[in-house]
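In my numbering, the protein residues as written are -3 to 513.
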C-alpha cells in the first residue's frame, strides 16, 4: 500500500490500511487527486510504502499531471485490471450456481458437480485480484491463492474425465482420480507450513505453479489424443481452450517469477473463455436430455406401440422358425424310430424269407412285432399334449386283446403320476417299448396267467414308476440276461430312468420296475 504526503507533511491520499492486514493494491491502479495550492515550487511529495514482506516493496509507473489527462489512463487501466475481473467473477459464480443446481436434480451426472466446484474455486482464486482488504492474515491468504487455483484445475480435470469419455467405450476407473487428488493435496501441504515472511512460501509458489502447468499439459495431451482419434467440434473446443489456458498460464507464471513486473495477469481471460465454453456444452447436453425426455413423454404410447408391433413380428417369426424346426425334428425322430423298430423287424423278416427252412409261425411273429412297434410309434406322436398315464391307456387299448389271446389276464392298476420335465414323445416311445418287451417276456417265459401293469410314486425318492409283474415261476438264480433285457436297460438309460428286474419286489413271479427321474 502507499500513502502520499504534501511537502508540508499533510496527508494527500492513500490506498487503504498501512497496518496489518495491509491494504493490497498490487493489481489495482490508484488515482490520488492533489490540491494544487499545496504544491509549492521546489516542494517534495513524500511517499510512504508498506508491504507484508520488505523485499517486495515496489513503486512503479508514477505519473503527475492534469486530472483530465490521468483519468483516461486510470479508467482504462482499472477496466483491464479490476472491472473486467469483477465481471468475470460474477459470471463464474453464476455459472457455478446454475450448473450446481442442475447437478442437484441429476446427481448421477458427476461432470456437472465438478464443473460447479472448479468454477467456484476459480472465482475464489480470481477474487485475489480485486479484494483490497483481506479477511484473514497475510500468510494464510498467500497460501490460499495458489491452493484454490490448484484445486480448481484439478476439479476441471475431473470434469473433463467424466465428460469426454461419454462417446467412448466405458472406462470409468476412479483409482487414477483418487491418486491424483491425493498427490496434489500432499504437494499442497508446504503452502501452509513454509514461513511467509522469509519468502520461503513465495519460492514454493514457483514449484507449485510449475507442477500445475505440468499436470495441465498432460491432460491437454490426453485431450489432443482424443481429438486425433475422433475429431468432433466439442473436442476441438476443448483443445483450443486448453491451449489458451496453457499459454496464458505460462504468461502469468512468468509474471509471478518476475516479482517487480507490473504486467497484468491474463489467465482469468482464458479461464472465462474456457469455462463459458464448458458451460455452453454442459447446458446443451442438459437441454438435449430435457428434449429427449419430453419427446419420450409426448410420444411414449406411439413408441411403445411400435415396439410392441416389432416384438410381435419378431415373436411370430421366431415362433414360425421354432415350429418349422419342431416339424423337421419330429420327422427325423419318426424316421429314426421306424428304422430302429419297425424297419429292423421287417429286415429280419425279409432275411428269414430268403432262407429255405423258414417257418411261417416265426415269420408271423416277427411281422406282428413290427406292427406292434409301429403302433407304439403312432401312439407316441401326440404325447407332447398328454401325460404318461394317458400314453399307457392308449397302449392298453391296443394290446389288451393280444394279451388275452395269449391266455393271460391283464390287470390294470395305473394311477396318475407326475410326468418328468422334458419327457416328450421320444422318451415316451422308449418307455412303451420297455413295457411291451416286459409283457412279451412274461407271455413267453413266465409260465403264469396274469400280468399286472401298475404305476405309483416311490416313498423314498418321490419319483414316479411304472411296473409290470406276472404271477409265473420267476427268474432262476442261474439265469443269464439275454438281448431283450439288455435292450430294456439300454432304453431306460436313454430316458434317464432306472430299471429293476427280479422277483424280490413280490413273493411270486417276475417284476420289472421302471423308475422315472
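Built from N, CA and C at the ideal position, the CB exists for glycine as well. The structure presented is a predicted model; accordingly, all values stated were derived computationally and were not measured.
Own chain residues within Cβ distance below 6 angstroms of residue i, not counting five before or after
i: residue 414; result: 460
i: residue 2; result: 8, 34
i: residue 504; result: 467
i: residue 30; result: 8
i: residue 348; result: 354, 359
i: residue 12; result: -3, 19, 128
i: residue 262; result: 244, 247
Continuous beta strand (DSSP E) stretch holding residue i: start and end
i: residue 452; result: 446 to 453
i: residue 43; result: 42 to 45
i: residue 10; result: 7 to 10
i: residue 464; result: 460 to 466
i: residue 409; result: 405 to 409
i: residue 512; result: 507 to 512
i: residue 424; result: Note, residue 424: premise wrong, no beta strand (DSSP E); alpha helix (DSSP H) at 421 to 437.
i: residue 384; result: Looking at the DSSP string, residue 384 is not in any beta strand (DSSP E); the run it does join, the alpha helix (DSSP H), is 384 to 401.
i: residue 497; result: 493 to 498
Top-ranked residue by Cα proximity to residue i, from the options
i: residue 233; options: 273, 252, 221, 195; result: 273
i: residue 407; options: 445, 155, 425, 372; result: 445
i: residue 146; options: 191, 108, 206; result: 206
i: residue 409; options: 402, 450, 384, 438; result: 450
i: residue 268; options: 115, 142, 201; result: 115
i: residue 328; options: 458, 82, 422; result: 422
i: residue 417; options: 109, 77, 513, 497; result: 513
i: residue 197; options: 320, 324, 136, 45; result: 136
i: residue 14; options: 48, 40, 24; result: 48
i: residue 394; options: 345, 106, 365, 90; result: 365
i: residue 193; options: 247, 53, 88, 58; result: 53
i: residue 212; options: 28, 245, 96; result: 245
i: residue 425; options: 43, 386, 441, 171; result: 386
i: residue 412; options: 383, 405, 343; result: 383
i: residue 279; options: 369, 342, 112, 390; result: 112
i: residue 43; options: 36, 292, 55; result: 55
i: residue 124; options: 89, 95, 78, 100; result: 78
i: residue 0; options: 23, 22, 40; result: 40
i: residue 93; options: 119, 316, 471; result: 119
Environment of residue i [buried if 16+ CB atoms lie within 10 Å]
i: residue 350; result: exposed
i: residue 102; result: exposed
i: residue 514; result: This structure gives no information on residue 514, because the portion of the chain shown stretches from -3 to 513.
i: residue 142; result: buried
i: residue 133; result: exposed
i: residue 299; result: exposed
i: residue 174; result: exposed
i: residue 153; result: buried
i: residue 204; result: buried
i: residue 107; result: buried
i: residue 447; result: buried
i: residue 63; result: exposed
i: residue 201; result: buried
i: residue 219; result: buried
i: residue 368; result: buried
Sequence-distant residues of the same chain with beta carbon closer than 7 angstroms to residue i, five excluded per side
i: residue 510; result: 427, 430, 461, 462, 488, 493, 495
i: residue 121; result: 141, 144, 145, 148
i: residue 130; result: 17, 20, 137
i: residue 162; result: Its pLDDT being 49, under 50, residue 162 is placed unreliably by the model, and the measurement read from it follows with that caveat. Cβ neighbours of residue 162 beyond the five flanking positions: none.
i: residue 527; result: Given that the chain is displayed from residue -3 to residue 513, the structure contains no residue 527 and the question cannot be resolved.
i: residue 117; result: 144, 147, 148, 151
i: residue 74; result: 25
i: residue 180; result: 146, 150
i: residue 177; result: 150
Residue range of the alpha helix (DSSP H) that includes residue i
i: residue 0; result: Counting along the chain, residue 0 falls outside any alpha helix (DSSP H), though it belongs to the beta strand (DSSP E) covering -2 to 1.
i: residue 233; result: 229 to 253
i: residue 480; result: 479 to 490
i: residue 135; result: 134 to 159
i: residue 189; result: 171 to 189
i: residue 521; result: The chain is shown from -3 up to 513; residue 521 falls before or after that span and cannot be answered.
i: residue 35; result: Where residue 35 is concerned, there is no enclosing alpha helix (DSSP H), given that its DSSP letter is neither H nor E.
i: residue 58; result: Counting along the chain, residue 58 falls outside any alpha helix (DSSP H), and DSSP gives it neither H nor E.
i: residue 21; result: Where residue 21 is concerned, there is no enclosing alpha helix (DSSP H), given that its DSSP letter is neither H nor E.
i: residue 202; result: 196 to 225
Near the ligand NAD: residue i beta-carbon under 7 angstroms from a heavy atom
i: residue 55; result: Among the components modelled here there is no ligand, and therefore nothing to report on the ligand NAD.
Contact set for residue i: own chain, Cβ-Cβ below 8 angstroms, skip 5 residues either direction
i: residue 402; result: 439
i: residue 454; result: 460, 461, 511
i: residue 345; result: 359, 362, 363, 366
Continuous alpha helix (DSSP H) assignments of at least 4 residues falling wholly in the region 63 to 127
Within the region 63 to 127, the complete alpha helix (DSSP H) runs of at least 4 residues are 63 to 74, 80 to 101, 106 to 122.
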